[in-house]
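Working notes, beginning with the structure itself.
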Amino acid sequence: MHSTPHAPLGADFSRRSFLKGASVAAVAGTSAAAADTAATSRVTRFGPGLHEITLQVNGAARKTQVEPRTTLLDALRNQLDLTGTKQICDRGACGGCTVLLDGVPINACMTLALDVEGRELKTIEGLANGDDLHPLQRTFIECDALQCGFCTPGMIMSGVACLEAGATKSREQIAGCISGNICRCGTYTRVVDAIQMAAKQGGGR
Amino acid sequence: MSDLRTRGDHPMGDHQRDDHEMTIGFAGDHKVVKVKLKDGDIKPWDLHTEFKIVGTDVKRVDAVAKVTGKARYAFDMNLPGMLHGLLVRSSIARGKVKSVDTSAAEKAPGVVAVLRTKEDGQRVRFIGDDVVAIAAETMDQARDAAALVKIEYQQEEHVSNFRKAEGAPKTDADGAITDPWPESAEMDAALAKGKASVDATYSVEVQTHSSLESHGTVAWWKDDSGELEVWSSTQAVGGTLQAFAQAAKVPQNKVRVHAEFVGGGFGSKFPPGSEGLFAVRLTLAAKRPVKLMLDRYEEHTCTGNRPSAIMQMRVAADDKGRLTAFDYHSVGGPGYSGQGGNTSAPTYYAAHLDKGARRVAHQDLATDTDAARAMRAPGRPQGFFAAEGVLDELARKLTMDPLALRLVNDGSALRQYEWKLGAETFGWKERYNAKPGEPRDANKPWLLQGAGLSSAVWGQLGGGNYKVTCRIHQDGTVEVRNAAQDIGTGLKTALAILVAEELGIDVSRVRATTGDTIDPAGPASGGSTTTPSIAPAARHAAAKAKQKLIERLAKALGVEATQLAYEQGHFRLDGQRKMSFVDACKRMGPEPIEEQGERFPNYEAYQGNVCGCQFAEVEVDARTGVVRVTRMLAVQDTGLVIAKKLAESQVLGALIQGISYALHEQRIIDHRMGRMLNGDFNHYKIAGSVDIPQLDAILVSVANGANNVGAAGLGEPPAVAPAAAIHNAVANALGVPVRALPITPDRVLKALKSKASMQAEREAGGR
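Just so you know, the sequences run in chain order B and P.
Add 591 to the 1-based position in the first sequence for the working numbering, that's all there is to it.
Add 20 to the 1-based position in the second sequence for the working numbering, that's all there is to it.
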């Protein structure tokens, strides 16, 4: 459903249900801690229980404790109190939890927190520079590309990726970039307007 | 123009009721009427009022919070020591709870509270009915514990398909009702009077509200003070407060409910639901805050829906298209509640008919599934789909343009204007396929094109004795406050605009606060009544505050209040000295001015409802059956347009939801189990960005004259017509109606096949 590319993850498991109840998970080292262990045994044991990780979110190192099954979405929202990233379907079908991982849009609900240690995360909270809004945040307001606002953070993150990829040549191309984001109030037309307007104004930063 | 009706020294003490002249209506039809203003009310705005801010493209006042992720919805509340709650739900569709063993769940890691929501012997009414509530340190721990709960049931046979429920009408293989119509000699005569008649059955499937923020509540029982503070994703903070107080067995004055931001509701979020009540019970048990938000499957299966329905209609018309008979009945499948499945057809087309020639009936059939709830214009999209569809079938039989048939039968002057304006703007003549079913382009015989239309009506202009607070601060900033919740409609923005207009100041000076029961009570966000109900009180509050500011300024300047005039954000003393609003506020003294505005009963309005019509154009691939909407236009009476851009957003949103309802959405149930199979966004298809064509909205500003503002709500009105217009466009493209929603490719192919066999029969008969 997502037409935007997803970042390759370090491990090929992506749902907490896969890990539920499992006490051992083999992970090719994606984090510094994992790499240390990997040098000796090539297998890292996580869980059960909590594991300390450091997430690079919006330019800051944030230390937190997660279970192996904790999704990035839960870690952001519940541990780091970054609740701008929304939990809507929790199954990778709505794009409400879209964040940028090394600049690439991903569904935070389909990503394990453990898997993204050491990688650069950007959430909706990190988009504006203080009161200086990102151009797309400004055009969202200008075009009234939001109603209840619940899909808006995910829409904007997908839109930012769309702008940065330069995939703004036509309305169809823009619509494709946000096709993984569901809006129930029905803002799509104006979301496309907003991305198009931001692109005309010079795109990203 | 907008001054308080003052008399002597007592601005509010006017007990005379004199007539006030105002012009009401719209550009195409207006009149001067005399209205009686209630004591203390202010002079109403009317058709001739010139506005500075009202009706302009003001930015949504809470947009910055929403685009930066700072807006905190109930789902986003994180409180110190907060637990995560969930409900363990019935796995059978019908029966009784025999026994529940929660001992293992209680001992599971992180579990703090486990409550029974159903006792032994109590009924479960559908798959998803609540049985146990759990609160644990984390959501994962709560889920682990839920898996350990053992529930035994005394299972009974269930019926999840309302078409098979007791009392369901008999239907043929195509789904058409075969039971005879109730006998009526008058109706038979009326039908016989027509030159042509149609008798057809239409049907719709269950649509779920699918608000993006799920239902749920964060509840915090503060044991020390005996207070309950709640953040709820709700359309009714007032009603939920009462329910929460009852659940907690505490006085209502100890409960406070917040809903500053709500991630959609569409009619599904009026009652607190078991998820709200048990969030409260869990926080009482745990003495810690509890968050209980539903997951997506629960959202699809336990929080209501727009119910399924079968609608049968027969109509007849004379050779001019004038209806001679209008006979409509429907059967609804509202789930276990057995009520709320009503549909509503546009009976105004039959307003000229005698009672005996006009009949409407409805019957609900209970099933063992989740109960229906109001959903955006409850009953109307279904009933209009059927009736407007049948009218198109009738027009075709009469070889009449469907628009002409509407114009002949529609008695509303406003809609007559809207029909003509819409047809002109949309290009109805060019887009309507005069040879239904025939391709436009001979080189692409598989590409069928057509256009359709539908009328709409919604009848609410608000009411209720609501109050609004307006506060003017010494620094020149202003507050407007009411407890009603802004569920995405733009209520905060509307309130800010009204106050800014009345005070003659910039909207940026006004902060609107909604969704907090500490403020004056507001209406539930339902029936498109919120804005029209409180807008007059907001304006009244600002007018009163302005009057107070004049008095305070006069005192500070040592003059009489009557020497001060206030216009366009400036005070003038005896027509000379000029002072800005901000400078005036500096002189008003340290105490903020606080006034409450009142909502007076409506005057007799131009009309008590909101009218509209919509046009749709589609392309159908006859090889695959795939329908693509290529263009839509909504012409919508909006009362007084307060926030133009936001009003347009709401209308466009209704079109998009309508496309989704017309083409995609349906709850699919495994009837052997009674379980919804597609209770997620992977399989319950909602229209996405790539499904949306060019959409246009024409807002028709109508001075409805109902009160001092004349606003109309826009939740319902534009949601009535889209599915009907799209179906009619598809029928025009195919040359045969589909008669069922959603218009999925299989249904399109089936309709084409039936057309082909009908044609073959006709040709065979002709020989």
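All residues carry an ideal CB built from backbone N, CA and C; glycine is no exception.
query = Can you tell me where the beta strand (DSSP E) with Gln332 of chain P in it begins and where it stops?
reply = Ser328 to Ala337
ask   = What are the residues of the segment 684–700 of chain B that lie near chain P, defined by any Cβ-Cβ distance shorter than 8 Å?
value = Ala684, Cys685 and Gly687
task = Could you name the residues of the segment 753–787 of chain B whose beta carbon sits closer than 9 Å to any beta carbon of chain P, in the order they occur along the chain?
result = Glu763, Ile765, Ala766, Gly767, Cys768, Ile769, Ser770, Gly771, Asn772, Ile773, Cys774, Arg775, Cys776, Gly777, Thr778, Tyr779, Thr780, Arg781, Val782 and Val783
request  = Express the C-alpha separation of Thr650 of chain P and Asp665 of chain B in angstroms, rounding to a whole number.
outcome  = 40 Å
message = Are the CB atoms of Glu658 of chain B and Gly686 of chain B within a distance shorter than 8 Å?
response = no
key: 8 Å Cβ cutoff, Pro744 of chain B in contact with chain P   = yes
message = For Ala619 of chain B and Asp536 of chain P, I'd like the C-alpha separation in whole angstroms.
response = Because Ala619 of chain B sits at a pLDDT of 38, beneath the cut-off of 50, its placement in the model cannot be relied upon, and the following sentence gives the value as read from the coordinates. If I take the Cα positions, the gap works out to 50 Å.
message = Under DSSP, the alpha helix (DSSP H) around Gln262 of chain P begins and ends at which residues?
response = Val257 to Ala268
request  = Find the residues of chain B that neighbour Glu233 of chain P, judging by a C-beta separation of less than 8 Å, and give them in chain order.
outcome  = Lys677, Ile679, Cys739 and Phe741
key: Inter-residue CB distance, Ser252 of chain P and Val277 of chain P (contact presumed, cutoff 8 Å)   = 6 Å
inquiry  = According to DSSP, simplified to helix, strand and coil, what is Ala613 of chain B?
reply    = With a pLDDT of only 39 at Ala613 of chain B, under the threshold of 50, the placement of this residue in the model should not be trusted; the figure read from the coordinates follows. The answer is coil: DSSP assigns Ala613 of chain B none of H, G, I, E or B.
task = Starting from the C-beta of Ala155 of chain P, find all residues in its chain whose C-beta is less than 6 Å away, skip the five residues before and the five after it, and write them out in chain order.
result = Leu103, Gly105, Val132, Ala133, Leu302, Ala306 and Val310
Span separating the alpha-carbon of Glu225 of chain P from that of Ala329 of chain P = 7 Å
Under 7 Å from the C-beta of Asp876 of chain B: neighbouring residues of chain P = For residue 876 of chain B there is no data in the structure shown, the boundaries of chain B being 592 and 796.
message = The beta strand (DSSP E) that contains Asn698 of chain B, what's its start and end?
response = Val695 to Asn698
request  = Check the Cβ-Cβ distances between Phe637 of chain B and every residue of chain P, and say whether any is below 8 Å.
outcome  = no
ask   = Start and end of the beta strand (DSSP E) containing Cys631 of chain P?
value = Val630 to Asp641
key: Under the three-state DSSP convention, the category Gln436 of chain P falls into   = helix
message = Can you confirm whether Asn669 of chain B, when its beta carbon is compared against all beta carbons of chain P, has any partner nearer than 8 Å?
response = yes
query = Any beta-carbon of chain B closer than 8 Å to the one on Ser545 of chain P?
reply = no
request  = Would you kindly work out how many angstroms separate the C-alpha atoms of Gly678 of chain P and Val519 of chain P, rounded to a whole number?
outcome  = 33 Å
ask   = When you compare each of P:Val87, P:Phe446 and P:Trp478 to Gly470 of chain P by their alpha carbons, which one comes out closest?
value = P:Phe446
task = Taking only the alpha-carbon atoms, compute the straight-line gap between Ala617 of chain B and Arg633 of chain B and give it to the nearest angstrom.
result = With a pLDDT of only 39 at Ala617 of chain B, under the threshold of 50, the placement of this residue in the model should not be trusted; the figure read from the coordinates follows. Going from the Cα of Ala617 of chain B to the Cα of Arg633 of chain B covers about 8 Å.
task = Using a Cβ-Cβ cut-off of less than 8 Å, give me the residues of the segment 506–536 of chain P that come near chain A, in sequence order.
result = No chain A appears in the structure shown, which is made up of the protein chains B and P.
task = Quick one: using the 10 Å Cβ neighbour count with 16 as the cut-off for buried, is Val707 of chain B buried or exposed?
result = buried
query = Exposed or buried, Leu641 of chain B, counting other C-beta atoms within 10 Å across all chains shown (16 or more means buried)?
reply = exposed
task = With DSSP as the reference, label Ala507 of chain P as helix, strand or coil.
result = Looking at the sequence provided, one finds Ile at residue 507 of chain P rather than Ala. Three-state DSSP puts Ile507 of chain P in coil, outside helix and strand.
inquiry  = Residues in the same chain with beta-carbon distance under 8 Å from Ala185 of chain P, minus the five sequence neighbours each way, listed in chain order, please.
reply    = Val179, Gly353, Leu385, Ala386 and Thr387
message = Which residues in chain B have a C-beta closer than 9 Å to the C-beta of Val87 of chain P? List them in chain order.
response = Ile715, Leu718, Ala719, Leu724, His725, Leu727, Gln728, Arg729, Phe731, Ile732, Ala736, Leu737, Gly740, Thr743, Pro744 and Ile747
task = Could you list which residues in chain B have their beta carbon closer than 9 Å to that of Asn702 of chain P, in chain order?
result = Met592, Cys680, Arg682, Gly683 and Ala684
request  = Taking 8 Å as the cut-off, decide whether the C-beta atoms of Ala642 of chain P and Leu468 of chain P are in contact.
outcome  = yes
task = At 8 Å on the CB atoms, spell out the chain B contacts of Leu675 of chain P, in chain order.
result = Gly777
request  = Could you have a look at Thr743 of chain B and say whether DSSP puts it in helix, strand or coil?
outcome  = helix
request  = Please name the residue, chosen from P:Leu653, P:Pro556, P:Val710 and P:Ala585, that lies closest to Lys568 of chain P on a Cα-to-Cα basis.
outcome  = P:Ala585
key: Through-space distance from Gln494 of chain P to Gly609 of chain P, alpha-carbon basis   = 7 Å
Proximal residues, the segment 274–286 of chain P versus chain B, C-beta separation under 9 Å = Phe281, Val282, Gly283, Gly284, Gly285 and Phe286
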